[in-house]
Amino acid sequence: MNQPTYTKTTQPKDKMLKIKTLRLMFTFYMSFFVTAFVLTLVSAYMLSKLGSEAFTLIFWFKMISYGIIVYYINNYKKKEFYYYQNLGIPKLALWISTLTFDFLLFVVLLIYAAK
């Protein structure tokens, strides 16, 4: 059975590129983390006080806040996207990865608050 062979330089470069990409995505996420996390905490508090019947309201509150955050970052920090694009990370990839991570954090905290 033929297995692919890796040179000593190929494998570490790929790993370093992934680490570099994750670090850049984390840097981008930190530009709006405080706002998103405070909104998540407010949502969790609302769920704990209002109960599960308020979930729909809380969900749409978070979605609308995502829209406002995306609008703000896209308009007021648009020159920063050139930095990420020059390093090989498209704007869409930044948004998908960071908003997915933030939404997972949102879901985990809501589950915790519902208990």
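Letter 63 of the sequence shown, counting from 1, is numbered 62 in numbering that gives the first Met the number 0, and no numbers are missing. Glycine residues also receive a C-beta, built at the ideal position from the N, C-alpha and C atoms. Quick caveat: nothing in here was measured; it's all calculated off a predicted structure.
Drop a sphere of 10 angstroms on the beta-carbon of residue i, count the other beta-carbons inside from all chains shown, and report buried for 16 or more, exposed for fewer.
i, result
"Phe105", "buried"
"Ser51", "exposed"
"Thr99", "exposed"
"Leu16", "exposed"
"Leu49", "exposed"
Can you tell me the Cα-Cα spacing of residue i and residue j, whole angstroms?
i, j, result
"Phe60", "Pro11", "43 Å"
"Ala112", "Gly87", "38 Å"
"Tyr70", "Asp13", "33 Å"
"Lys77", "Thr55", "32 Å"
"Tyr82", "Leu21", "15 Å"
"Lys19", "Met62", "29 Å"
In this structure, does DSSP put residue i in helix, strand or coil?
i, result
"Ser116", "Summary: the structure shown does not reach residue 116, with the chain confined to residues 0 through 114, and so no result is reported for it."
"Ile72", "helix"
"Gly66", "helix"
"Ile88", "coil"
Going by the CB atoms, is the gap between residue j and residue i shorter than 8 Å?
i, j, result
"Leu23", "Ser64", "no"
"Thr26", "Ile68", "no"
"Leu40", "Ile57", "no"
"Ile95", "Ser30", "no"
"Leu109", "Ala53", "no"
"Phe80", "Lys90", "yes"
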